[in-house]
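Below is one structure, written out as structure tokens; comments come after it.
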Amino acid sequence: MNIHEYQAKQIFANYGVPTPKGIMAESVDDAVKAAQELGGPIWVVKAQIHAGGRGLGGGVKLAKSIDEVRTLADEILGMTLVTHQTGPEGKLVQKLYIEDGADIKDEFYLGIVLDRAKEMPVIMASTEGGMEIEKVAEETPEKIVKVAIDPTIGFQGFHGRELVFGLGITDKEEQKKFIKFASNLFKIYMDKDVELIEINPLIRTGSGDFLALDGKMGFDDSALGRHPDIEAMRDISEEDADEREAGQYGLSYVSLDGEIGCMVNGAGLAMGTMDTINYVGGTPANFLDVGGKATAETVAKGFEIILKNPKVKAIFVNIFGGIVRCDRIANGILEATKMVDVKVPVVVRLDGTNAPEAAEILQNANIENVIAATDLLDGANKAVEAAKGAK
Amino acid sequence: MSILVNKDTKVIVQGFTGKEGTFHAEQCIAYGTNIVGGVTPNKGGQEHLGKPVFNTVKDAVNTTGATVSMIFVPPAFVGDAVMEAADAGIELAVIITEGAPVKDMMYAKMYATKKGMKTIGPNCPGIITAEECKIGIMPGNIFKKGNVGLISKSGTLTYEGANQVCNEGFGITTAVGIGGDPIIGLSYKQLLPMFEADPQTEAIVMIGEIGGDLEIQAAKFIKENITKPVVAFIAGQTAPKGKRMGHAGAIVSGSAGTAKEKMEALEAAGVKVVVSPAEIGKAVKEVLSK
């Protein structure tokens, strides 16, 4: 789960990670009030959406008067912001963060993620603040300082020294401030089951203070149960409505650009099915993992969600029956076609336990738009054929 | 022969009396797995599925001599359960539970490593030595005894792959579902040499996914250490960047961990890489008839 910048900065403040003063606003009037409260003389008006690249997209602007705050708030609130992370459809801006302008001397990058190879968190820092870290990693990897931290000993002094010397911070007072900043941030990472923290840029001010000018945080969904305070920060308007609805039924759904809807059990087989459709010359319309059960209800819900996408010309149901037998799944699929009005052809491939019985059930049902397939390749071919026929 | 487990392996079940634990333990017993008991706190002294229940893993190990534990406890308690198993001297913990917090697994794996306990999973179908010992949730009937070892991040692709291998007239020695979470136990790099050393195994199927770099490490390892033919499939060639595909680990950010990168690395290591999982069976036939 991701949160907004203003929410991340609330968490930072609770842990003593310094940020500029700011206030969240949901209307132009509130934005003006916030600016008056902050006092100025310079304010930054920032769009709050769950995507990076807001500045380049026109969602972060500097104001030098209250009037300017009003004009900018009016302009940014309600705009559809397109950045390299939102996709071409963009995201509607519903919240603003009004923040004190800061005296920027230079910009750093600071992030914490899990290093999968070392199986422990790693702090990444760079003097190339403001740039995309992926680009820095590609073009000038020597400018990224990486410090892995064994959580059983936690953040120690030497970790801090590796960071400041790596970044070339030489002033002793500044070193102390930066080390405290990083150590507090690491505490947040561990305490809150964070998946990713990114501060880009982290700035050094003219007076030698370090401030988090931005804040991006994502959390481990599996651990949200023990963090009700974080769960309360969920902004459902930022999440894909279909993906969310699917999640409520235990389905995992991601929409894609193609024409063939997919319904599969298991994430790996679901991706493998998409790959196979592509391999035989078709285009997958979605990723959909129905999980281990594949009952009539979940299959019906799956059909409903897939068919919301008007581009879908055929559906490929690919289930490998394990503990749940194929004959039961076949009956579930037939029942689901009665619950949902499926107008496009449905290719069904059931394999595994009791597959022959399942094939017989599908054949005997004699439903016009249900086509039985014998294996994965046959199913993908038939789905691609069916999609062509439906055009 | 096989790797890690066989018909003599003594297995206990943590989370034995719960719904999932009960259902799958019953299936494992029916398959022939030597399940010698289970652990559920406060149910010690009872009998379940005809096997003794213990309050602690230590009690279970001391009484039964079990060396392997199959873990079904709820996600919030998985870290604790794995550490308890390691502390009690279990040699291999097979963690089936889905949705364990990453931080918990990070600590649990560190402790397991310290205690010399191997782990498989979490969020995986388990391990099966065909027609001998099933420790997990896979449909046992599709795994016919044979000469192919299988390692897979994905559950249903394990079944798909094994089924195709068997349909081509071959069979499986041992199949291991390693799981697709950010932190997992045994991976390709540790399992490949076990299959290399197993005289019964003549070919290895390895099924990977986008995200992380385990397959890249495996490719390097294969190039230097594996002489048996390897067939590989990497799921997620058509997955968009930055989107999570069900498994917590199946996400591609930036350039690292794409299917293309992994497929190229494996090909360069002499692995027979297939573009669709539908080709796994045929590819195995091809490498074995060479």
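As you go down the protein sequences, you meet chains Y and E in turn.
Residue 189 in the numbering used here sits at position 189 of the first sequence, and the numbers go up by one each step.
Residue 56 in the numbering used here sits at position 56 of the second sequence, and the numbers go up by one each step.
Ideal Cβ positions, reconstructed from N, Cα and C, are used throughout, including at glycine.
Query	Result
With DSSP as the reference, label Y/V136 as helix, strand or coil.	helix
For the segment 148–228 of chain Y, which segments carrying the beta strand (DSSP E) assignment without a break, of at least 3 residues, lie completely within its bounds, in sequence order?	194–205, 210–212, 216–219
Name, going along the chain, the residues of the segment 239–256 of chain Y whose beta-carbon falls closer than 8 Å to a beta-carbon of chain E.	S252, V254, L256
If we call anything under 7 Å between Cβ atoms a contact, is E/E168 one with E/K58?	no
For E/I183, does the three-state DSSP call read helix, strand or coil?	coil
One question on the structure: do Y/Q85 and Y/A51 come within less than 7 Å of each other, judged by their Cβ atoms?	yes
Report all residues from its chain with a CB closer than 8 Å to the CB of Y/Y279; omit the five preceding and five following residues, and keep chain order.	A380
Just by C-beta distance, which residues in the segment 76–105 of chain E are closer than 7 Å to chain Y?	A76, G99, A100, P101, V102, K103
Going straight from the alpha carbon of E/Q237 to that of E/A265, what length do you get?	14 Å
So which of Y/G55, Y/Y253, Y/E238 has the shortest CA-CA distance to Y/T83?	Y/G55
Smallest Cα separation from Y/L350: which of Y/V370, Y/M339, Y/D341?	Y/V370
Along the segment 115–127 of chain Y, where does the CB come closer than 9 Å to a CB of chain E? Name the residues.	R116, A117, E119, M120, P121
Would you mind telling me which residues of chain E sit closer than 7 Å to Y/Y279, beta carbon to beta carbon, in chain order?	V275, S276
What residues in the segment 13–31 of chain E have a beta carbon less than 9 Å from any beta carbon of chain Y?	F23, H24, Q27
Suppose you measure from the CA of E/G254 to the CA of Y/D378; what does that come to, to the nearest Å?	Reliability of the predicted coordinates at E/G254 is poor, the pLDDT of 48 falling under 50, and the value obtained from them is presented with this limitation in mind. Approximately 34 Å, taken between the alpha carbons.
How far does the beta strand (DSSP E) with Y/E335 in it reach, from first residue to last?	First-last for Y/E335: 326–339, but that is the alpha helix (DSSP H), not the beta strand (DSSP E).
With a cut-off of 7 Å, does the C-beta of Y/F320 fall near any C-beta of chain E?	yes
Hey, is the segment 354–373 of chain Y in contact with the segment 327–344 of chain Y, meaning 3+ C-beta pairs nearer than 8 Å?	yes
Nearest-angstrom Cα distance between Y/Q10 and E/I120?	39 Å
As a quick exercise: from E/L214, E/I96, E/E26, E/A100, pick the residue whose alpha carbon is nearest that of Y/L224.	E/A100
Hey, does Y/A373 have any beta-carbon neighbour from chain E nearer than 7 Å?	no
Counting only Cβ-Cβ distances shorter than 9 Å, please list the residues of the segment 148–174 of chain E near chain Y, keeping chain order.	S152, K153, S154, G155, T156, L157, T158, Y159, E160, N163, Q164, N167
Report the start-end ranges of each alpha helix (DSSP H) in the segment 22–48 of chain Y that is 4 residues or longer and not cut off at the edges.	28–38
Residues of chain Y with CB under 7 Å from E/M110, in chain order?	T152
Quick check on Y/K61: does DSSP put it in helix, strand or coil?	strand
Please report the Cβ distance between E/G140 and E/G212, rounded to the nearest whole angstrom; I am assuming they are in contact, meaning their Cβ atoms lie under 8 Å.	Not quite, the Cβ-Cβ distance comes to about 29 Å (not below 8 Å), so this is no contact.
Between which residues of its own chain and Y/I23 is the CB-CB distance below 6 Å, once the five residues before and five after are set aside?	A34, I98
What residue from Y/E142, Y/K146, Y/K95 has the CA that sits closest to Y/S237's CA?	Y/K95
Return the bridge partner residues of E/T129 from the DSSP annotation.	E/C133, E/T174
Output, in chain order, the set of chain E residues within a Cβ distance shorter than 7 Å of Y/M131.	The premise fails here: Y/M131 is roughly 13 Å from chain E at the closest Cβ pair, so nothing lies under 7 Å.
What do you reckon, are the CB atoms on E/A30 and E/V13 nearer than 7 Å?	no
Between the segment 74–99 of chain Y and chain E, which residues of the former have CB atoms less than 8 Å from a CB of the latter, in chain order?	Q85
Is it buried or exposed for Y/I188, if we count other Cβ within 10 angstroms and need 16 for buried?	buried
Using a beta-carbon distance below 7 Å, is Y/T276 in contact with chain E?	yes
Checking contacts by CB at 7 Å: is Y/T295 closer than that to chain E?	no
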